[in-house]
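Inspection log for the structure reproduced underneath, given as structure tokens.
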Amino acid sequence: MKETRVPMTAASRMGVSALAAKSAEGRVILTSHGRAVAVIGSAEHLDADLRALREATARVLDAAADIVSSRGELLSLEETCERLGVDVDRVRERAAAHRDVG
235 MKETRVPMTA
245 ASRMGVSALA
255 AKSAEGRVIL
265 TSHGRAVAVI
275 GSAEHLDADL
285 RALREATARV
295 LDAAADIVSS
305 RGELLSLEET
315 CERLGVDVDR
325 VRERAAAHRD
335 VG
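Position one of the sequence shown corresponds to residue 235 (my numbering), numbered consecutively onward.
Okay, here's the thing in structure tokens:
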């Protein structure tokens with residue numbers, strides 16, 4: 235994805251509309267004294283990033299499940315979440331939300 239670095243002073247002269255239009259091409263990184271201070275991205279790119287993050291999370295969890303299952307050791311949901319450092323209540327909430335949607 236294309237990234238454009240824009241100094242804050244130039245961004246303020248461009249205006250919000252121009253920055254929003256530029257974000258459709260790729261991320262706009264606002265800088266101050268050469269350091270990144272903020273990022274502007276389009277909703278479309280944000281959706282794509284979130285989708286990629288969800289897919290990566292699913293792959294990591296699948297890999298972890300494969301490792302656990304290959305050991306021949308059966309663990310409860312609580313034990314699995316504890317070993318993975320995942321909040322069991324959050325897993326249950328997300329599972330319930332997915333059941334409600336699907």
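We treat Cβ as the ideally placed atom computed from N, Cα and C, and that holds for glycine.
Item                                                                                                                                : Value
Based on DSSP bridge pairs, tell me the residues matched to E237.                                                                   : R261
Would you please state the rounded distance, in angstroms, between the beta carbons of M242 and V271? I believe it to be under 8 Å. : 7 Å
In terms of residue numbering, what span does the alpha helix (DSSP H) encompassing V294 cover?                                     : A277 to S304
Going straight from the alpha carbon of H267 to that of A254, what length do you get?                                               : 22 Å
Do you know how far the Cα of R239 is from the Cα of R247?                                                                          : 15 Å
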